[in-house]
Amino acid sequence: MSFNHRDEHVDDHMLLVQANLDDMNPEWVSFLMDKLFDAGANDVYVVPIIMKKGRPGIMLNVLIEEERLSAVEEVIFSESTTLGLRYLHASCHRLAREFEHVETKWGTLTVKVGYHAGKLVQFAPEFKECEQVAKQYGVPLKQVYEEVRLQFLQRHK
77 MSFNHRDEHV DDHMLLVQAN LDDMNPEWVS FLMDKLFDAG ANDVYVVPII MKKGRPGIML
137 NVLIEEERLS AVEEVIFSES TTLGLRYLHA SCHRLAREFE HVETKWGTLT VKVGYHAGKL
197 VQFAPEFKEC EQVAKQYGVP LKQVYEEVRL QFLQRHK
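So in our numbering, the last one in the sequence shown is 233, and the numbering has no gaps at all.
Structure, rendered in structure tokens:
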């Protein structure tokens, strides 16, 4: 599915694929998540759950466009221990998004900006850039985030 990120829209043909995992090494989860994103997942998250007989487990949730189902099933069945999947049809309301750049004492950094009905409602510094700056300059990550947010807010007064 292709869309212009600058346009607010609703995707009606999405699936939420779920699997409960109670016999899988939790260390494998980040690898599984990376593979699912590589297969085209829009979002991947896990939730700790208690399964039957009090067993701890993980509920895997994968949001995908319907046409990516086969690729995602292949990853889940080959990289996890599940024996079955649940499919829930979903619609997703996506804000219009843009990327803006702000100047900081560490250089230019990117901010993801969200708009609802044409109004700015959300913004967040790009994590990887902030993480890189924090490591490179030996400053706390939260300090980098605060600086980027401050510069963004000053620009939008």
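From the three backbone atoms N, C-alpha and C, an ideal C-beta is built for every residue, glycine too.
By Cβ distance, which residues of its chain are closer than 7 Å to residue i, with the 5 residues on each side in sequence left out?
{"i": "residue 77", "result": "Note that residue 77 scores a pLDDT of 37, beneath 50, so its modelled location is shaky and nothing firm can be said."}
{"i": "residue 255", "result": "In the structure displayed, the chain extends from 77 to 233; residue 255 sits before or after that span and is not available."}
{"i": "residue 79", "result": "With a pLDDT of only 43 at residue 79, under the threshold of 50, the placement of this residue in the model should not be trusted; the figure read from the coordinates follows. Counting only Cβ-Cβ distances below 7 Å, and skipping sequence neighbours, we find 85."}
{"i": "residue 217", "result": "206, 207 and 210"}
{"i": "residue 227", "result": "178, 179 and 180"}
{"i": "residue 201", "result": "185, 187, 221, 224 and 225"}
Grab the span of the alpha helix (DSSP H) containing residue i for me, first residue to last.
{"i": "residue 114", "result": "105-114"}
{"i": "residue 146", "result": "145-155"}
{"i": "residue 181", "result": "Careful: residue 181 lies outside any alpha helix (DSSP H) and carries neither H nor E."}
{"i": "residue 170", "result": "That residue, residue 170, is in no alpha helix (DSSP H); its beta strand (DSSP E) goes 162-170."}
{"i": "residue 220", "result": "217-231"}
Taking 8 Å as the limit between beta carbons, can you name the residues of its chain near residue i, skipping five residues before and five after?
{"i": "residue 160", "result": "95"}
{"i": "residue 118", "result": "90, 139, 140, 141 and 168"}
Report the residue from the options whose alpha carbon sits nearest the alpha carbon of residue i.
{"i": "residue 143", "options": "93, 215 and 97", "result": "93"}
{"i": "residue 130", "options": "207, 102 and 98", "result": "98"}
{"i": "residue 154", "options": "196, 201, 105 and 205", "result": "105"}
{"i": "residue 192", "options": "186, 112, 169 and 203", "result": "169"}
{"i": "residue 103", "options": "122, 149 and 164", "result": "122"}
{"i": "residue 233", "options": "196, 133 and 212", "result": "196"}
{"i": "residue 134", "options": "163, 151 and 158", "result": "158"}
Residue i lies in the beta strand (DSSP E); which residues open and close that run?
{"i": "residue 200", "result": "195-201"}
{"i": "residue 82", "result": "Where residue 82 is concerned, there is no enclosing beta strand (DSSP E), given that its DSSP letter is neither H nor E."}
{"i": "residue 136", "result": "132-141"}
{"i": "residue 119", "result": "119-126"}
Can we count residue i as close to the ligand ZN, meaning its CB is less than 7 Å from some heavy atom?
{"i": "residue 127", "result": "Here there are no bound small molecules, and the ligand ZN is not part of this structure."}
By Cβ distance, which residues of its chain are closer than 6 Å to residue i, with the 5 residues on each side in sequence left out?
{"i": "residue 198", "result": "190"}
{"i": "residue 84", "result": "171 and 172"}
{"i": "residue 128", "result": "none"}
{"i": "residue 176", "result": "187 and 189"}
{"i": "residue 204", "result": "none"}
{"i": "residue 214", "result": "none"}
How many whole angstroms separate the CB atoms of residue i and residue j, which I take to be in contact at a CB cut-off of 8 Å?
{"i": "residue 174", "j": "residue 82", "result": "6 Å"}
{"i": "residue 100", "j": "residue 156", "result": "6 Å"}
{"i": "residue 115", "j": "residue 139", "result": "Not quite, the Cβ-Cβ distance comes to about 12 Å (not below 8 Å), so this is no contact."}
{"i": "residue 112", "j": "residue 148", "result": "6 Å"}
field: Any 3 or more C-beta pairs closer than 8 Å across the segment 219-231 and the segment 168-182
entry: Under the Cβ criterion (8 Å, minimum of three pairs), the segment 219-231 counts as touching the segment 168-182.
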